[in-house]
Each structure stands twice: as C-alpha cells, then as structure tokens.
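Chemist: Position in the sequence shown counted from 1, then plus 388, gives you our numbering. Note that beta-carbon positions come from the ideal geometry of N, C-alpha and C, so glycine has one too. No experiment lies behind these values; they were computed from the predicted model shown. First, the structure itself, so that you have it in front of you.
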Amino acid sequence: MRRNEFLAIVFVLLATVGTIFSVFAIEKFRIKKFYTVELIARVPEHGNWYPRKIKVAQGKEVKLLIRNIDTVTHGFAIPDLQVSAGEIKAGEVKVVRFTPQKKGIFPFMCTVWCSDYHMEMRGELIVE
Ligand SMILES: [Cu+2]
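In structure tokens form, the structure reads like this:
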C-alpha cells in the first residue's frame, strides 16, 4: 500500500513537471518557427501599426510583409538594425527580409510624414 502511494506521488510529480516543461518547449518552438510576419500600416489615429510589438528569434531570418491599408503613403525602418522598406504607397505591400543578429528591443517607425500624429507611428521589434 505504502509503495503504491509513493508511486502515485511520483507519477503526479512527473506529470506536473512534464506539463510545465512541455509548455515551455512549445513556446520555444513557436518562437523558433516564427518567420513571416504581416504588419499593417495605418496612421496612429486609425489604428497605428498592427501589431505594434513583433517578437522574433535571434539568428532566424524574418520576412516582414508590410501592408499599407491607408490612403496615404507610409514608410518603414528599423534604424538600429539598418532595415528599411523605403516608401510604401497607399494599398501597397512591401516585403523586407533580414536576420537579426543581436538580442534586444529595437524601435521601428514610419519614415514618411503621414499625419499630425506621424511621430507616434512607432512599434517595437523584440529579438529574443
Ligand atoms: Cu506613416
């Protein structure tokens, strides 16, 4: 009886640890697989960048698909990583590929004066 109780406790412990480990493993895998990101460009008063935070993995190539769904021209750059998409006209989609080599949080921004709130058209690329 005692032995069975011990085995039951060990089993429960293993199951708990296993579940926690799996969650972390899946999360790591999800980040590693991250490759194509669709980024929507809109003036801040109509929604700003979406998403405003992009999480990617260090050393993995990133393909950013930047879709300007506005009626004005936008631009895109991550100055710290020397990444730029240049001008993105209304309705246009631009693709930039790059491989972040360093970890950190790098601001990205619109590079074309698009509205009175243009300076707020910013987001963050998080490299883990
Ligand atoms: Cu803009």
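1. Given the structure, does residue 472 come close to ligand 1, in the sense that its CB is under 8 Å from one of the ligand's heavy atoms?
2. Does DSSP put residue 465 in a helix, in a strand, or in coil?
3. Go to residue 516, then tell me how far its beta strand (DSSP E) extends in each direction, as first and last residue.
4. Regarding residue 500 and ligand 1, is the C-beta to nearest heavy atom distance less than 8 Å?
5. What is the DSSP secondary structure of residue 397, reduced to helix, strand or coil?
6. Give the secondary structure of residue 474 by DSSP, where H, G and I count as helix, E and B as strand, and everything else as coil.
7. Closer than 8 Å to a non-hydrogen atom of ligand 1 - does that hold for the CB of residue 431?
8. Excluding sequence positions up to five away, which residues of its chain have a Cβ less than 6 Å from the Cβ of residue 468?
Modeler: From the atom records:
1. Not under cutoff, so the answer is no.
2. Residue 465 sits in a strand when the DSSP states are folded into three classes.
3. Here residue 516 belongs to no beta strand (DSSP E), and DSSP marks it neither H nor E.
4. yes
5. helix
6. Reduced to three states, the DSSP call for residue 474 is strand.
7. yes
8. 494
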